[in-house]
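Worksheet: the structure to be examined is printed underneath.
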Amino acid sequence: LEQPPLSTEILTLTRHVLSEQIRLGAAATGDLTLLINAIEFTSKFIASNVRKARLINLVGLAGDTNVQGEEQKKLDVLSNDIMVNSLRASRKTAVLISEELEEAIIIEDEYKGKYCVVFDPLDGSSNIDAGVNVGTIFGIYQIRPGSQGTIADVLRPGSEMVAAGYTMYGSSANLVLSTGHGVNGYTLDPSLGEFVLTHPDIKIPPRGKIYSFNEGNSLHFHPPTVNYLNSIKFPPSGKSPYSARYIGSMVADVHRTLLYGGIFGYPVDKKSKSGKLRLLYEAFPMAFLTEQAGGIATTGTKRILDIVPKTIHERSGVYLGSKDDVLDVIKFYEAEAKSG
Ligand code: P6P
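Residue 227 in the UniProt record's numbering is what sits at position 225 of the sequence shown, and the numbering runs on without skipping anything.
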């Protein structure tokens, strides 16, 4: 079989972000490009450890518990260390917030830069031992003018983020990123050691056919959630019910939703009164990406990116996905508000 000519026009993440920086003109100093480069390195490093996990016995517990009270797995701890060390060494960060760390890290002057990174180093880690896709989620704020970098620089609405993304570690490593001008997906080519552009300008379909909820929580769901789910499981005659897909790893469930459309939900309920997902480093980055891809992200009553966080580990209810599907959910909350 005639091999197609090897393309030499390979758009790596670095090259693509650089082209975006140039598009931003003189205002861009290149610092964000270098910061994203550091994040890209952490994704390669974590990917290699996730892949080897079974071989070098990294799965299983690290014998400690994190701020969430969850047992930490060795890969969690390692991934957090990789993120903290690499972001600090980039000299582009001032404040780091990690799901694995109770307190914020304020970077010392010698290494201080002008960005704050909020991240979940290995989200979905309860799935690691089962070999299910896990991921790193991150969001980036620029410190406020005149600030030396404090918690106040991250207790701001997600709409003030300058970039957000995730890397999903599965059969391949997929890095999905937005710097505020659309969403692009990159796949790690291990032979090059580079993330290569494979999903340019991701746009979420206006409506999908998949819903992604943990229905094991149905006993606790509030009426708008119940009424919405019933509307897609028992649709009017002539309409097909939606399919259920739930992996239990936010990065994997959101990645599928961005590409195929539909809705992902982890709403506030009678058990999780503030929701389960973390606002700063799960809900905000995924809401940022969803909106940049043409979708909607809401608590049911409020746009997620408009929320002003009060504490760094606070939780939020989340519905995100295709515009028309999420608008359907909002209608059930509006109906409930009207009925008082
Ligand atoms: P549940 C994983 O622990 C996580 O933080 C997200 O990745 C995921 O969407 C959610 O929690 C799963 O929660 O209650 O369905 O196991």
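All C-beta atoms, glycine included, are put in the ideal place defined by N, C-alpha and C.
Item checked: Rounded separation between Thr189 and Thr14 - CA only -> For this step, residue 189 is matched to residue 187 along the sequence shown. For this step, residue 14 is matched to residue 12 along the sequence shown. Looking at the two C-alpha atoms, the distance is approximately 9 Å.
Check: Closest to Ala132 by CA distance: which of Gly264, Gly148, Thr303, Val52 is it?
Finding: By one-based count along the sequence shown, residue 132 stands at place 130. For Ala132, the closest alpha carbon among the candidates Gly264, Gly148, Thr303, Val52 is that of Val52.
Check: How many whole angstroms separate the CB atoms of Val328 and Ile265, which I take to be in contact at a CB cut-off of 8 Å?
Finding: In the sequence shown, the residue the question calls residue 328 occupies position 326. In the sequence shown, the residue the question calls residue 265 occupies position 263. Correct: roughly 6 Å between the Cβ atoms.
Next item on the list: Give a yes or no on whether the C-beta atoms belonging to Gly167 and Leu291 are separated by under 8 Å.
Entry: The count along the sequence shown starts at 1 and reaches residue 167 at position 165. The count along the sequence shown starts at 1 and reaches residue 291 at position 289. Closer than 8 Å, so yes.
Note to self: What I want to know is whether the C-beta of Tyr268 ends up closer than 7 Å to one or more non-hydrogen atoms of the ligand P6P.
What the structure shows: Stepping through the sequence shown from its first residue, residue 268 is reached at position 266. Yes; taking the cut-off as 7 Å, the Cβ of Tyr268 has a heavy atom of the ligand P6P nearer than that.
Next item on the list: Please state if the CB of Val120 and the CB of Tyr283 are separated by a distance shorter than 8 Å.
Entry: Taking the sequence shown and counting its residues from 1, one reaches residue 283 at position 281. Taking the sequence shown and counting its residues from 1, one reaches residue 120 at position 118. Going by C-beta atoms, Tyr283 is nearer than 8 Å to Val120.
Check: From which residue to which residue does the alpha helix (DSSP H) around Ser341 run?
Finding: The residue labelled residue 341 in the question sits at position 339 within the sequence shown. Run containing Ser341: 325 to 341, per the alpha helix (DSSP H) assignment.
Next item on the list: May I ask you to report which of helix, strand or coil DSSP gives Arg90?
Entry: By 1-based counting over the sequence shown, the position of residue 90 is 88. Correct three-state label for Arg90: helix.
Next item on the list: May I ask whether a heavy atom of the ligand P6P can be found less than 7 Å away from the beta carbon of Ser128?
Entry: The sequence position of residue 128 within the sequence shown is 126, counting from 1. Yes.
Notebook entry, point to check: Leaving out five residues before and five after Gly267 in sequence, what residues of the same chain have Cβ atoms less than 6 Å from its Cβ?
Noted result: Stepping through the sequence shown from its first residue, residue 267 is reached at position 265. Setting aside the 5 residues that flank it on each side, Gly267 is surrounded in the same chain by Phe215, Tyr321, each with a C-beta closer than 6 Å to its C-beta; the list follows chain order.
Next item on the list: Give me the Cβ distance between Ser127 and Val134, rounded to the nearest whole Å; I'm assuming they're in contact under 8 Å.
Entry: Sequence index remark: in the sequence shown, residue 127 carries index 125 (1-based). Sequence index remark: in the sequence shown, residue 134 carries index 132 (1-based). At roughly 10 Å, the Cβ-Cβ gap does not stay under 8 Å, so Ser127 and Val134 are not in contact.
Notebook entry, point to check: With DSSP run on the structure shown, which of helix, strand or coil describes Ala30?
Noted result: For the purposes of this step, residue 30 is identified with residue 28 of the sequence shown, where counting begins at 1. Here Ala30 sits in coil by DSSP.
Notebook entry, point to check: Taking C-alpha atoms, which residue in Lys94, Met85, Arg247 lies nearest to Gln150?
Noted result: As a working mapping, residue 150 is identified with position 148 in the sequence shown. Considering only Lys94, Met85, Arg247, the residue with the shortest C-alpha distance to Gln150 is Lys94.
Margin query: Taking 7 Å as the cut-off, is the C-beta of Asp255 nearer than that to any heavy atom in the ligand P6P?
Written below: The residue labelled residue 255 in the question sits at position 253 within the sequence shown. It does: the Cβ of Asp255 is within 7 Å (strictly closer) of some heavy atom of the ligand P6P.
Next item on the list: Drop a sphere of 10 angstroms on the beta-carbon of Ala299, count the other beta-carbons inside from all chains shown, and report buried for 16 or more, exposed for fewer.
Entry: Locating residue 299 in the sequence shown gives position 297, counting from the first residue. Classification for Ala299: buried.
Next item on the list: Output the boundary residues of the alpha helix (DSSP H) element that contains Glu293.
Entry: As a working note, residue 293 is residue 291 in the sequence shown. From DSSP, the alpha helix (DSSP H) with Glu293 extends over 286 to 294.
Next item on the list: Please work out which residues of its chain come closer than 7 Å, Cβ to Cβ, to His315, disregarding the five sequence neighbours upstream and downstream, and give them in chain order.
Entry: Walking along the sequence shown from the start, residue 315 turns up at place 313. Close CB contacts of His315 within its chain, under the 7 Å cut and outside five residues either way in sequence, are with Val69, Arg280 (chain order).
Checklist line | Endpoints, beta strand (DSSP E) assigned at Asn176 | finding: For the purposes of this step, residue 176 is taken as the residue at position 174 of the sequence shown. Here the beta strand (DSSP E) through Asn176 covers 175 to 180.
Notebook entry, point to check: Nearest CA to the CA of Gly319: which residue from Asp203, Gly172, Ala285?
Noted result: What you label residue 319 is simply residue 317 of the sequence shown in a count that begins at 1. Taking each of Asp203, Gly172, Ala285 in turn and checking the Cα distance to Gly319, the smallest one comes out for Ala285.
Note to self: Is it buried or exposed, Val270, if we count other Cβ atoms within 10 angstroms and call 16 or more buried?
What the structure shows: Sequence index remark: in the sequence shown, residue 270 carries index 268 (1-based). Val270 should be labelled buried.
Next item on the list: Taking only heavy atoms of the ligand P6P into account, decide whether any of them is closer than 7 Å to the Cβ of Leu279.
Entry: One-based indexing of the sequence shown puts residue 279 at position 277. Flag set: Cβ of Leu279 near the ligand P6P.
Check: What is the C-beta distance between Ser324 and Asn129, in whole angstroms, given that I count them as a contact (C-beta under 8 Å)?
Finding: Working through the sequence shown from its first residue, we reach residue 324 at position 322. Working through the sequence shown from its first residue, we reach residue 129 at position 127. Rounded to the nearest angstrom, the Cβ distance from Ser324 to Asn129 is 25 Å, too far for a contact under 8 Å.
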